[in-house]
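Only one structure is covered here, and it is reproduced in the block below.
Number of protein chains: 2
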Amino acid sequence: MRSKFSSPQLAQRALTGDLPAVARMLSRAEAGGQEARAGLDVIFRHTGKAHIVGITGVPGSGKSTLVSKLAQTIRATGRKVGIIAVDPSSPFSGGSILGDRIRMSDLVNDPGVFIRSMATRGALGGLARGTLDAVDILDAAGYAVVMIETVGVGQDEVDVVRASHTTVVVSAPGLGDDIQAIKAGVLEIADIHVVSKCDRPDANKTIADLKTMMAMGLSLARTSSWGVPVLATSSFNDQGIVELMDAIDAHRAALESSGAMETRRRSIAERRMLKAAEEILRTVFERHRTGKIGVLTDRITARDITPHAAAKELLHEIHLETDKELFNTMETEG
Amino acid sequence: MRSKFSSPQLAQRALTGDLPAVARMLSRAEAGGQEARAGLDVIFRHTGKAHIVGITGVPGSGKSTLVSKLAQTIRATGRKVGIIAVDPSSPFSGGSILGDRIRMSDLVNDPGVFIRSMATRGALGGLARGTLDAVDILDAAGYAVVMIETVGVGQDEVDVVRASHTTVVVSAPGLGDDIQAIKAGVLEIADIHVVSKCDRPDANKTIADLKTMMAMGLSLARTSSWGVPVLATSSFNDQGIVELMDAIDAHRAALESSGAMETRRRSIAERRMLKAAEEILRTVFERHRTGKIGVLTDRITARDITPHAAAKELLHEIHLETDKELFNTMETEG
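Each protein sequence line maps, in turn, to chains R and L. Residue numbering for the first sequence follows the working numbering, beginning at 1 and increasing consecutively. Residue numbering for the second sequence follows the working numbering, beginning at 1001 and increasing consecutively.
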């Protein structure tokens, strides 16, 4: 599996937009480890240009088809589009019905659209981290819009959505009486609501329900200068897709002009730092589970030490480990 | 709100089973902080005797009434019972319909039953930690069985269930076609399945569905020597409650005789250590969010440092903080 290139070399190639290099860098990032990290460090310094759009909705909401149509529409404006599918039911992830697959093929043959599905979550909660690394790679490789498609249930998925600049929540008529955004736990993070399949006669009720909730102030728009729109789309007859693209672009413009983009970038940076720290914590924990940490576990079960006191010892151990890693890095560089 | 007693003094009183002391210790633990921690340290050394039983099921599964009936049945064997309701829809938490409240009142007037509902989750994911502190207090105060009632959705709730010795998953007929344990994400952690409301004619289908899933091996019993039973109960005519108590007791006996209890105690200790470490991490993060951590955030948004490298700095900061805290503790004691 190992190519002749080191991760930093691969990263340099990916920065030029070289497709095989992008694909291989994504695979290495997903596999993780110290070597991939060195490449991601190179990548990270070239990020910050892409518009990161989270698209979420319960299974059956038609969001995959919408993502596909939206990607084609954005492509028509000359921009490169990256798609990262975290939703295991997404046709981009291989979980599709045949019709979806055929519809996707237009995208697959366009080198200006890069589609990547993320493998199932790692044991150490690696989903969110891996997804954001993938976003970084596409961002640095020149994809102007990077869409993250998720089902929006579970903490990991919500974390991914929160890492985006613009969040689109997709609901569909006929999936039950509950407002699906509430069910998926994503109502309060929507910047744009979309009711898909608006060619269906029962779409008006879903649209009305969502608008009522907006009017009740139940959605806390993250930007005060932005009124969360409720858009109707139909992938069947291409209705509302251009309007959705325009709303996404307008949301970015509103973020930039109000200064809210700065706040959002800081909040994303904070989350990523905290997530990375938790991942280091869990990695060191696993590494010494049967060793030093095992001794702490023994002491807890013997009621000799509290979990809180053991946690302090664990954090001390992590400090020693990260120092060692820092030292190793310096050695390699020296 | 502050009583004349320090938390360690209050803890000592709670150890004797003194009800007002138990109640006040619970309140202090829920509020959190360094002073409460000192009392919890005293408490923790006297834990490990109670049988911790997690009872989970979707809203409407009738688990609150079942918990109430079960508590009365266990009381009849002379054991003290503690109930911690994490489920916001539980009548124990005040979210009840009138009928439930009246049914509860038998319990409320029995000093051998202690009922506590946990407040909504804290900003720092404090739900799981606070709940386990509360379990510790009831355990140390001599409650032989401590039941934790949760809705079993969300990572925090699942963490709470995983901290129990025996997990009972309650399903009810008529709540839809899906197996509710799958919906709640708790199928694989059930030690005992209960189908409540078995006086209803459609209960047999729910029982059959669950038994089919068991036969398909979709439930990974955490103890190989234990076959996960599917029990039918009816709180309406007191059917199956004694059988459920017997199954809970039998599960504990199976854990002890197979040596699996030791494994489970270690796994609980590990989780608590890791959760406590994550809580310290988040606390220090919040404390310096606009200070030292804010500088790191600035450097990430400026692409001057990666989130991973910033996380290492954050862990270094946490190390310094916990050292300071340890020093403060020593000073107080010296």
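Think of the CB as a built atom: it goes at the ideal place given N, C-alpha and C, for glycine as much as any other residue. Source: prediction; values computed, not measured.
| Going along the chain, which residues of its own chain have a beta-carbon closer than 6 angstroms to the beta-carbon of L:Ile-1305, five neighbours each way excluded? | Here residue 1305 of chain L refers to the residue found at position 305 when the second sequence is read from its first residue. So the list reads Arg-1299, once near-sequence residues are dropped.
| message | Beta carbons nearer than 7 angstroms to chain R: which residues of the stretch 1308-1323 of chain L have them? | response | His-1308, Ala-1310, Ala-1311, Lys-1312, Leu-1314, Leu-1315, His-1316, Ile-1318, His-1319, Thr-1322
| said: So the candidates are L:Ser-1171, L:Gly-1130, L:Val-1067; which of them puts its Cα closest to the Cα of L:Ala-1031? | reply: The residue labelled residue 1031 of chain L in the question sits at position 31 within the second sequence. Nearest option by C-alpha distance: L:Gly-1130.
| task | Taking R:Leu-138 as the reference, give the member of R:His-288, R:Val-113, R:Glu-188, R:Thr-233 with the closest Cα. | result | Translated into the one-based positions of the first sequence, residue 138 of chain R becomes position 138. The candidate whose alpha carbon is nearest that of R:Leu-138 is R:Val-113.
| When the Cα of L:Asp-1246 is compared with those of L:Ile-1083, L:Leu-1315, L:Thr-1077, which residue comes out closest? | Taking the first residue of the second sequence as position 1, residue 1246 of chain L is located at position 246. The shortest C-alpha separation from L:Asp-1246 is found at L:Thr-1077.
| field | Between the CA atoms of L:Thr-1297 and R:Ala-269 - distance to the nearest angstrom | value | For the purposes of this step, residue 269 of chain R is taken as the residue at position 269 of the first sequence. For the purposes of this step, residue 1297 of chain L is taken as the residue at position 297 of the second sequence. Distance between the alpha carbons of R:Ala-269 and L:Thr-1297 is about 6 angstroms.
| Cutoff 8 angstroms: L:Asp-1159 Cβ touching any chain R Cβ | Locating residue 1159 of chain L in the second sequence gives position 159, where the first residue counts as 1. Answer no: the Cβ-Cβ gap between L:Asp-1159 and chain R never drops below 8 angstroms.
| query | If you compare alpha carbons, which of L:Val-1135, L:Val-1284, L:Ile-1052 is closest to L:His-1165? | reply | By 1-based counting over the second sequence, the position of residue 1165 of chain L is 165. It is L:Ile-1052 whose Cα lies nearest to the Cα of L:His-1165.
| task | With a floor of 4 residues, list each alpha helix (DSSP H) that falls wholly inside the stretch 47-82 of chain R, ordered by position along the chain. | result | 63-75
| message | Suppose the cutoff is 7 angstroms on Cβ atoms and the five residues either side in sequence are ignored; what does the same chain contact list for L:Leu-1255 look like? | response | Counted from its first residue, the second sequence places residue 1255 of chain L at position 255. So the qualifying residues of the chain are His-1165, Thr-1223, Met-1261, Arg-1264.
| Delimiting residues of the beta strand (DSSP E) encompassing L:Ser-1171 | For this step, residue 1171 of chain L is matched to residue 171 along the second sequence. Its beta strand (DSSP E) spans residues 1166-1171.
| query | For L:Ser-1231, which three-state DSSP category applies? | reply | Your numbering for residue 1231 of chain L matches position 231 in the second sequence. Sequence inspection shows Leu at residue 1231 of chain L; the Ser mentioned does not correspond to that position. The answer is strand: DSSP assigns L:Leu-1231 an E or B state.
| Does R:Gly-48 get closer than 8 angstroms to chain L when you measure Cβ to Cβ? | As a working mapping, residue 48 of chain R is identified with position 48 in the first sequence. At least one chain L Cβ lies under 8 angstroms of R:Gly-48.
| For R:Met-273, which residues in chain L fall below 9 angstroms Cβ to Cβ? | Taking the first residue of the first sequence as position 1, residue 273 of chain R is located at position 273. Here the neighbours are Phe-1285, Ile-1293, Leu-1296, Thr-1297, Ile-1300, Pro-1307, His-1308, Ala-1310, Ala-1311, Glu-1313, Leu-1314.
| field | With 16 other Cβ atoms within 10 Å as the buried cut-off, status of R:Ile-97 | value | Looking up residue 97 of chain R in the first sequence gives position 97. Its pLDDT being 38, under 50, R:Ile-97 is placed unreliably in this model, and the value from its coordinates should be taken loosely. Under this definition R:Ile-97 is an exposed residue.
| Do you know how far the Cα of L:Ala-1071 is from the Cα of R:Arg-162? | Within the first sequence, the letter at position 162 stands for residue 162 of chain R. Within the second sequence, the letter at position 71 stands for residue 1071 of chain L. About 42 angstroms.
| said: Would R:Asp-41 pass as an interface residue toward chain L - the criterion being a Cβ-Cβ separation below 8 angstroms? | reply: Taking the first sequence and counting its residues from 1, one reaches residue 41 of chain R at position 41. Yes, its Cβ sits closer than 8 angstroms to a Cβ of chain L.
| query | Are the C-beta of L:Thr-1332 and some C-beta of chain R separated by less than 8 angstroms? | reply | The residue you call residue 1332 of chain L lines up with position 332 of the second sequence. Note that L:Thr-1332 has pLDDT 40, beneath the 50 cutoff, so the model's placement of it is unreliable and the number below is only indicative. So, not an interface residue.
| 7 angstroms Cβ shell around R:Arg-75 - same chain, five flanking residues per side excluded | The count along the first sequence starts at 1 and reaches residue 75 of chain R at position 75. Cβ neighbours of R:Arg-75 beyond the five flanking positions: Val-81, Asp-110, Gly-112, Val-113.
| message | Can you tell me whether L:Thr-1065 is buried or exposed? The criterion is at least 16 other CB atoms within 10 Å of its CB, across all chains shown. | response | Taking the second sequence and counting its residues from 1, the one referred to as residue 1065 of chain L is at position 65. Buried, because 16 or more other Cβ atoms sit within 10 Å of the Cβ of L:Thr-1065.
| field | 8 angstroms Cβ cut-off: residues of chain L touching R:Ala-144 | value | Within the first sequence, numbered from 1, the residue matching residue 144 of chain R stands at position 144. The contacting residues do not exist; R:Ala-144 stays about 18 angstroms from chain L at best.
| Unbroken beta strand (DSSP E) run spanning L:Thr-1150, endpoints | Along the second sequence, read from residue 1 onward, the residue named residue 1150 of chain L stands at position 150. L:Thr-1150 -> beta strand (DSSP E) spans 1145-1150.
| request: Within 10 angstroms of the Cβ of L:Glu-1286, are there 16 or more other Cβ atoms? Answer buried if so, exposed if not. | output: One-based indexing of the second sequence puts residue 1286 of chain L at position 286. The residue is exposed, with fewer than 16 neighbouring Cβ atoms inside 10 Å.
| said: Please classify L:Lys-1312 as buried or exposed, where buried requires at least 16 other C-beta atoms within 10 Å of its C-beta. | reply: Along the second sequence, one-based indexing puts residue 1312 of chain L at 312. Under this definition L:Lys-1312 is a buried residue.
| said: In chain order, what are the residue ranges of uninterrupted alpha helix (DSSP H) at least 4 long that sit wholly in the stretch 1220-1303 of chain L? | reply: 1241-1258, 1260-1287, 1292-1301
| field | Cβ-based burial, L:Leu-1320 [other Cβ within 10 Å; buried from 16] | value | For the purposes of this step, residue 1320 of chain L is identified with residue 320 of the second sequence, where counting begins at 1. Per the 10 Å Cβ criterion, exposed.
| field | Pick from R:Leu-15, R:Ala-250, R:Arg-24, R:Asp-18 that is closest to R:Lys-4, judged by C-alpha positions | value | In the first sequence, the residue the question calls residue 4 of chain R occupies position 4. The shortest Cα separation from R:Lys-4 among R:Leu-15, R:Ala-250, R:Arg-24, R:Asp-18 belongs to R:Arg-24.
| request: Reducing DSSP to helix, strand and coil, say where L:Phe-1114 ends up. | output: In the second sequence, the residue the question calls residue 1114 of chain L occupies position 114. If DSSP states are grouped into helix, strand and coil, L:Phe-1114 belongs with the strands.
| message | Under 7 angstroms: does the beta carbon of L:Gly-1142 sit that close to some heavy atom of the ligand ADP? | response | The model on display carries no ligand, and the ligand ADP is accordingly not part of it.
| query | Which term fits L:Thr-1016, buried or exposed, when burial requires 16 or more other beta carbons within 10 angstroms of its beta carbon? | reply | Numbered from its first residue, the second sequence carries residue 1016 of chain L at position 16. It is exposed - the Cβ of L:Thr-1016 has fewer than 16 other Cβ atoms within 10 Å.
| query | chain R partners of L:Ala-1276, CB-CB under 9 angstroms? | reply | Here residue 1276 of chain L refers to the residue found at position 276 when the second sequence is read from its first residue. Neighbours of L:Ala-1276 on chain R, chain order: Thr-306, Pro-307, His-308, Ala-309, Ala-310, Ala-311, Lys-312, Leu-314.
| task | Could you have a look at R:Val-86 and say whether DSSP puts it in helix, strand or coil? | result | On the first sequence, position 86 is the one that residue 86 of chain R refers to. Coil.
| query | Taking the C-alpha atoms as reference points, what is the distance between R:Thr-206 and R:Thr-167? | reply | Taking the first sequence and counting its residues from 1, one reaches residue 206 of chain R at position 206. Taking the first sequence and counting its residues from 1, one reaches residue 167 of chain R at position 167. Going by the C-alpha atoms only, they are around 19 angstroms apart.
| message | Using 8 angstroms for Cβ pairs, my map puts R:Glu-149 next to R:Val-67. What's the rounded Cβ distance? | response | On the first sequence, residue 149 of chain R is found 149 positions in, with the first residue counted as 1. On the first sequence, residue 67 of chain R is found 67 positions in, with the first residue counted as 1. That belief holds up - the Cβ atoms of R:Glu-149 and R:Val-67 are roughly 5 angstroms apart, short of 8 angstroms.
| As assigned by DSSP and simplified to three states, the class of R:Ile-305 | Translated into the one-based positions of the first sequence, residue 305 of chain R becomes position 305. In this structure, R:Ile-305 counts as coil in the three-state DSSP scheme.
| What in chain L is Cβ-close to R:Ala-269, meaning under 9 angstroms? | In the first sequence, counting from the first residue as 1, residue 269 of chain R sits at position 269. Result: Leu-1296, Thr-1297, Asp-1298, Arg-1299, Ile-1300, Thr-1301, Pro-1307, Ala-1310.
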